[in-house]
DNA sequence: GCCAACGTTGGC
DNA sequence: GCCAACGTTGGC
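Residue numbers (full-length UniProt numbering): 1 to 137.
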């Protein structure tokens, strides 16, 4: 099972807004990076991912699930990029901060730590399990 | 096709 | 608010 991590600035799109969408979910649009695009294209309905607040908060705050696989992003005028739809599944009882992740043995290979600029990232099974435990799930 | 210049992201 | 890291653009 593949896992993912989605980054968002809370001032642009926050976890609370995501939760408020309920099962309808939202388009994860605006990706304009080819590596992130590859990740979006690899996603399958039902796969889960972390929702990470960048800049402000700097913490993994919840879990989302893919509800629609890759399709064209109509906001991209070049037609090169696409998006998926995701919905909020669970909120972490205790957000896992970037500091916590950096300190935790086993998470030093996370892309979040090494390439903080990639907005959609894969997460390994091991990393998934560790972060879930740290967040109280 | 290379690479310098520039813009953007995001941690600090 | 600064700056490092990264991606993109455009001149050659």
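Yeah, the Cβ is synthetic: ideal placement off N, Cα and C, and Gly gets one too.
- Taking 8 Å as the cut-off, the Cβ atoms of residue 37 and residue 98 do not count as close.
- Secondary structure at residue 118: coil, using DSSP grouped into helix, strand and coil.
- Residue 29 and residue 85 have their C-alpha atoms roughly 9 Å apart.
- Going by C-alpha positions, residue 41 is about 30 Å away from residue 93.
- Looking at the DSSP output, residue 46 shares a beta bridge with no other residue.
- Secondary structure of residue 83 (DSSP, three-state): strand.
- Three or more Cβ pairs closer than 8 Å define a contact, and the region 109 to 117 falls short of that threshold against the region 73 to 82.
- In the assembly as shown, residue 126 is an exposed residue. Its beta-carbon has fewer than 16 other beta-carbons within 10 Å.
- Judged by their CB atoms, residue 31 and residue 83 are nearer to each other than the 8 Å cut-off.
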